[in-house]
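> Residue numbers (the working numbering), protein chains in the order written: chain S, 51 to 411; chain A, 51 to 411; chain X, 51 to 411; chain Z, 51 to 411. All residues carry an ideal CB built from backbone N, CA and C; glycine is no exception. Got a structure here, written out as structure tokens. Questions coming.
4 protein chains.
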Amino acid sequence: MPGNSIGRVLRLTTFGESHGPAVGGVLEGFPSSIHINKENIQERLKRRYPESLPGKTSRNEEDQIEWLSGIEDNCSTGGPIAFLVKNHNTRSSDYKNLEDVFRPSHADYSNYMKYGLQVKSGGGRSSGRETVARIVGGELARLLLIASDICVFAYVIRIGMTGINREKLQIDQAIIDKSPVYCPSEVSSIEMMDEIIRAKKNNDTLGGVIEIVVKNMVPGIGEPVFGKLNAELGKALLSIPSAKGIEFGLGFSSATYPGSQYNDQFTGGKQSGLTKTNHDGGIQGGISNGNDIVLRIAFKPLPSIGITQNTITSSGIAKEIKIKGRHDVCAVPRIVPVAEAMASLVLADQIILQGIHKQFL
Amino acid sequence: MPGNSIGRVLRLTTFGESHGPAVGGVLEGFPSSIHINKENIQERLKRRYPESLPGKTSRNEEDQIEWLSGIEDNCSTGGPIAFLVKNHNTRSSDYKNLEDVFRPSHADYSNYMKYGLQVKSGGGRSSGRETVARIVGGELARLLLIASDICVFAYVIRIGMTGINREKLQIDQAIIDKSPVYCPSEVSSIEMMDEIIRAKKNNDTLGGVIEIVVKNMVPGIGEPVFGKLNAELGKALLSIPSAKGIEFGLGFSSATYPGSQYNDQFTGGKQSGLTKTNHDGGIQGGISNGNDIVLRIAFKPLPSIGITQNTITSSGIAKEIKIKGRHDVCAVPRIVPVAEAMASLVLADQIILQGIHKQFL
Amino acid sequence: MPGNSIGRVLRLTTFGESHGPAVGGVLEGFPSSIHINKENIQERLKRRYPESLPGKTSRNEEDQIEWLSGIEDNCSTGGPIAFLVKNHNTRSSDYKNLEDVFRPSHADYSNYMKYGLQVKSGGGRSSGRETVARIVGGELARLLLIASDICVFAYVIRIGMTGINREKLQIDQAIIDKSPVYCPSEVSSIEMMDEIIRAKKNNDTLGGVIEIVVKNMVPGIGEPVFGKLNAELGKALLSIPSAKGIEFGLGFSSATYPGSQYNDQFTGGKQSGLTKTNHDGGIQGGISNGNDIVLRIAFKPLPSIGITQNTITSSGIAKEIKIKGRHDVCAVPRIVPVAEAMASLVLADQIILQGIHKQFL
Amino acid sequence: MPGNSIGRVLRLTTFGESHGPAVGGVLEGFPSSIHINKENIQERLKRRYPESLPGKTSRNEEDQIEWLSGIEDNCSTGGPIAFLVKNHNTRSSDYKNLEDVFRPSHADYSNYMKYGLQVKSGGGRSSGRETVARIVGGELARLLLIASDICVFAYVIRIGMTGINREKLQIDQAIIDKSPVYCPSEVSSIEMMDEIIRAKKNNDTLGGVIEIVVKNMVPGIGEPVFGKLNAELGKALLSIPSAKGIEFGLGFSSATYPGSQYNDQFTGGKQSGLTKTNHDGGIQGGISNGNDIVLRIAFKPLPSIGITQNTITSSGIAKEIKIKGRHDVCAVPRIVPVAEAMASLVLADQIILQGIHKQFL
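Below you can see the structure in the form of structure tokens.
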């Protein structure tokens, strides 16, 4: 069933299994005559592999984007933009000892219950590798946001027990890019790396939290009922593998505030809509109000650990499992560009949709 | 733009403004030959007005469902089921003093930026009254879940600063229904009511947290990529007015666990798929695994407070505002049936979709 | 399953059975701030009942539109516009003798095979009455077309054996409106009425052909692959009850032309895109070229005849049937406003969609 | 805007330009555990190039399907099935003399008005080459129909002035396959080939008519209102390049019949639903009735002729054009597998959808 597409008019459809021939996507609804710098997108795809991230998988594929359609002379034609990235280095031997066994907290068991079969190809669609296509699609969406001067920042604010001090948080893309964990605090970066190294020693894994801030956001974007901007962002970001929660503005802590302290009162200054606080995180009634959009996504630790666990086979026989092969200690830094991509896809789609409306105003 | 519909094959479209003639909906894709007890649904709609909730709005409408189509002799025909609930008692005089002023943390300003106009009809589509149609649609969806023996429980676990002790939490629908705040703990119910009464004295408002537990859930429901079950539930529940966050299983705290302590290991007992823990909240890789689905949604305090606030007019003039009229102190208990309805709509839709798949297995 | 909606951004969802409480619809995606003259739409709905059409059903309902949402002070709010028309005079006794019998060439048998039940309510969704909601939705869509100066004309060019002479065809809305069969030729109108009167005497029924011409069409509307403008118009118009065929421009006769005589060569005159002929009917490669859109739809005769026919019961027992009750001799004139509505809905939706694209050009 | 996808649950998205790197598609919603014979589909793709068709394009590409995802060990996984066919032999020099000139009755002008640019890549998306992906998708859909014992036959019944005698028409797939024009009459095949040879001598082109018959059709498939089975088939088949009309059963001639002679009366024999005639072509009220589905599609002659024509440049300058390069005389035989594919995609999608419904009956 079509759960491989996202977006209403700017729609990304992805395909591909981790250990099949390729992963890729088709982006429909991309306007014509937009300049597309293929080298730049290729370069940005490398952000999936932070240079100095300790304990990252040794699978160093050269992810080469092959562009199949929709671009002529580095310019969009208005047709669907299709692309693929071939899978190299698919050592399915790594998965030999996993045959017929469900890895705990992986998607093996639930997929088996859905499809009635176990795919050999390294997790099938339920693999981090699927996110390659999200990033390429997201980079294309970003071109449309840039045209509206909108900037999407994504960065890590927690890994395991190490969170950053948000009091003095400065968002500086250069610092984020330099951090091996894409953290905007240099001090916290070091602490996070230490925690990753400790976990690696224990053959263990870590989760974390990513924050997204959207600056120069256009007001009036989103829908008032089921298609609320936070609902669309929620769906897109919760669809990232391992995501277990999302919150906007003050999020879960907003439940503890009285209205008198929570409400974002207007400054009444020259800039229309400016408020003293931004507790609502830039979205009210499902529609952007021009303040920065602020949200956070929580990710659980990677389920593949090098420690013996209890599991069962597809016939229900109890068994022990110790997962070998190439596995990250902490995927959260590598998810940063994915989160950025998903937010960009939603925002570009919604901005295009609002353009429809505006033509009659 | 069509943000008034939700669901892929079981699709609810809603309409209506708070102070217009009526609110209502159309539910498409509902199978034929299902018995529909109209009186029962009418009765369940009353749950929007918990009998003894202190500080609730005095707007005691008699919400009478008028069924327009799709039901013949209390049996579904397979056609779209349309219904409406007329609005009575629409004292738009209450809103007179609000004309041309944006209420802080309401959707007034963002709607104005989207539509270029201010509707007089009490918040337009951005009103809690819109949720009436969600509940009716959700009750119909629940009939399909009941046929699969699936039970959706929703209840309040926090109001303002008062949270429940989750250690000894027992889910008993009778206790929940008796609680004026739909809380499963009798002790916490009393504390929550006290907090509401205090807030009312201060002309203030409160937020809270609702938990949903789905029992007897069928495994194999959901999609592995963008259409993950948690993503669809996330979108549906974040579309409820005032929702600021959602989390599944351990949620945000999962970010702090190492994989070795987080992973849900299989018991290996007779019941296939049973795990020692349910940290993932019943969904893995976006697909249900047969464990209870567990999720929590955070709601901010209602923005309409009887305290003077700073705001602006549509011309950008600074002004003070003190909101009169009928307003709840805490909407969270009243949202409980709405949350239940949204979860039911998503689950029924997804189960129908999986039926497609199963016919070929 | 959701087959009750049409349109991508301007989407009409309809509901209601012929003999249930009401028929109606919800139009989503209608822009805000458009003036809506309710009286005018009410007046236009009367076109379903041509004053002097002989042999038309005696069911003279006063179809009163009740507007439920989306309009405030005769101005669209941007929210979904919901409306209903109550059914009066639903003499289901007329259908008593039809219980458990399938009327030949009606939708009784196929519906029974789909839904597993026979609805009592006069054909259920498969009734001409369902088209009331199409006309109301179409009239709203027409407001958007008028804003772009686009005019949709629909008229009858054949009833039974009587076709018009297309050589001298002049499209004059005043003449069409005066004709009891909505035919643009006064001579043919009289002949068609004679044929209808003869058929009525025989207790028989007649089909016919409707032509649609869209003047001042904007070029560049439509999609090049599956969403071709002719494909979308085709779907919408073939969804009208009794439609058995559609053709564009030269249509079926285009198959007999050599390319050298068929091709629409450019005049090269001042007006860009003007061609010497319009054999393609204004659409090339699925996209409008600025010439008039020209298409024709064929309708079979109404299946309800007052003549004995062979049928079966739901248990498969052979039986004879002679249909009583109120039935038209020829529905084609009454379908004219429906065809106009469906074309208007498609064109308005597609023009809105193209607006998306244009914002980036 | 997303006009590159078709189908509700079994959804094909296509991509690729005629002279770009590749054409291809993604088929979502294909059930798991279906055996897929890749060699067979590769073989069936050759039907696009009837061996002995006179006057067909000299572009003899070896269309090699590359399977990218969704298939493991010749078995569907339930994931999206992506595939591509590389373009070889893309002599864009053939198109040099066409630069900046609109070919009459092609999609050049309308595309220019939509996208604001002229693609160099041989017609962009508006090229017959795009249909390669339709055939591959259609062959996959056919696997699902075969599982329900449903057979789709497509064949040519007219080329230019040569139509077949339908009185004695026998549908024999072997005879169709042997005919260079995929005509079920051996006599007419020869006459059609003669007409093609004559047209080739004149540097001219020809259109024609394709008929589709669906045998062993399941009753109860389709939707009663906008999603009528004939409407969905209409959209899909009218989306084929050059299609100018479609009709079902008696089609346009049904307009001339009185109801008494048109209606399909029941035989009352043992086989439920059998009728004496099949004037409705197997669909009543938008839902299949178990009789053969019968429809015909008309195609205009190919617009590329080797004869001088009047045209204009993008600046509106009048010019003469004489199109060189590789072009077919008559595309209709080559469209036969495309028409079959589109019908198969619609039927498989609708049958899957009805499966949803049936699970509750």
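Chain A beta carbons: is any one of them nearer than 8 Å to that of S289 of chain X?
no
> Just to make sure I have the definition right: I need the residues of chain X whose C-beta is within less than 7 Å of the C-beta of R175 of chain Z. Which are they?
P274, V275
> Give me the chain S residues within the contact set of G210 of chain Z, using Cβ-Cβ distance strictly less than 7 Å, ordered along the chain.
What G210 of chain Z touches in chain S: nothing, since even the nearest Cβ is about 32 Å away.
> Taking Cβ positions only, does T361 of chain A come closer than 8 Å to chain X?
no
> Residues of chain Z with CB under 7 Å from G335 of chain A, in chain order?
Per Cβ cutoff of 7 Å: no residues; G335 of chain A is ~12 Å from chain Z at best.
> Does the region 299-307 of chain A come within contact of the region 203-211 of chain S, defined as at least 3 CB pairs closer than 8 Å?
Two segments are said to touch when three or more pairs of C-beta atoms, one from each, lie closer than 8 Å; by this definition the region 299-307 of chain A touches the region 203-211 of chain S.
> Of all Cβ atoms in chain A, is any one closer than 8 Å to the Cβ of K265 of chain S?
no
> Under 8 Å, Cβ to Cβ, is there at least one residue of chain A near G405 of chain X?
no
> Quick check: what's the CA-CA separation for A204 of chain A versus I221 of chain A?
9 Å
> Would you tell me roughly how many angstroms separate the C-alpha atoms of I290 of chain A and Q359 of chain X, rounded to the nearest one?
55 Å
> Over the uninterrupted alpha helix (DSSP H) stretch that includes L279 of chain X, give me the two end residues.
That run of the alpha helix (DSSP H) goes 279-288.
> What's the gap between the Cα of K372 of chain A and the Cα of D378 of chain A?
15 Å
> For chain A, is any of its Cβ atoms less than 8 Å away from the one on E236 of chain X?
no
> Roughly how many angstroms lie between the CA atoms of S310 of chain X and T361 of chain Z, to the nearest whole one?
14 Å
> Anyone know if the C-beta pair for A391 of chain Z and E189 of chain Z falls short of 8 Å?
yes
> Of the residues that make up the region 232-258 of chain X, which ones have a beta carbon closer than 9 Å to any beta carbon in chain Z?
A249, N252, N253, D254, T255, L256, G257, G258
> Counting only beta-carbon atoms, is Y205 of chain X nearer than 8 Å to chain A?
no
> Are the beta-carbon atoms belonging to L167 of chain X and S322 of chain A less than 8 Å from one another?
no
> Residues in its own chain within less than 7 Å of I337 of chain A by CB, not counting five upstream and five downstream?
G270, I271, G272, P274, L279
> Give the DSSP-derived three-state secondary structure of L219 of chain Z in the structure shown.
coil
> Strictly below 9 Å CB to CB, what residues from chain A border G270 of chain S?
S160, N161, Y162, M163, K164, Y165, G166
> Determine the DSSP secondary structure at E245 of chain A, reduced to helix, strand or coil.
Three-state result, E245 of chain A: helix.
> Report the rounded CA-to-CA distance for D123 of chain A versus E282 of chain S, giving the unit in angstroms.
39 Å
> Rounded to the nearest angstrom, how far is the Cβ of L134 of chain X from that of P383 of chain X, given a contact under 8 Å?
Contact flag wrong, Cβ pair sits at about 25 Å.
> For a cutoff of 8 Å on Cβ pairs, would you count P71 of chain A as touching chain X?
Taking Cβ atoms only, chain X reaches closer than 8 Å to P71 of chain A, which makes this a yes.
> Using a C-beta to C-beta distance shorter than 7 Å, which residues of chain S count as neighbours of N41 of chain A?
Outside the displayed range of chain A (51 to 411) lies residue 41 of chain A, so it cannot be described from this structure.
> Measuring straight from C-alpha to C-alpha, what distance separates L118 of chain Z and H69 of chain Z?
Using only the alpha carbons, I get a separation of about 21 Å.
> For N341 of chain X versus T317 of chain X, is the C-beta spacing smaller than 8 Å?
no
> Please go through the same chain and pick out, in chain order, the residues whose beta-carbon is closer than 6 Å to the beta-carbon of H156 of chain Z, but skip the five residues on each side of it.
Taken in chain order, the residues that qualify are P353.
> Can you find the residues in the same chain that come closer than 7 Å, C-beta to C-beta, to S198 of chain X, ignoring five residues on each side of it along the sequence?
V268, I401
> Could you give the residue range of the alpha helix (DSSP H) that holds R94 of chain Z?
Element bounds for R94 of chain Z: 88-95.
> Buried or exposed for I200 of chain Z, going by 16 or more other Cβ atoms inside 10 Å?
buried
> Would you report the Cα separation of V263 of chain X and G335 of chain X, rounded to the nearest angstrom?
19 Å
> For a contact defined as C-beta to C-beta under 7 Å, what are the partners of N54 of chain S on chain Z?
E78, P130
> Can you name the start and end residues of the alpha helix (DSSP H) that L193 of chain A belongs to?
181-197
> State buried or exposed for E78 of chain A, treating a residue as buried only when at least 16 other CB atoms are found within 10 Å of its CB.
With 16 or more other Cβ atoms within 10 Å, it is buried.
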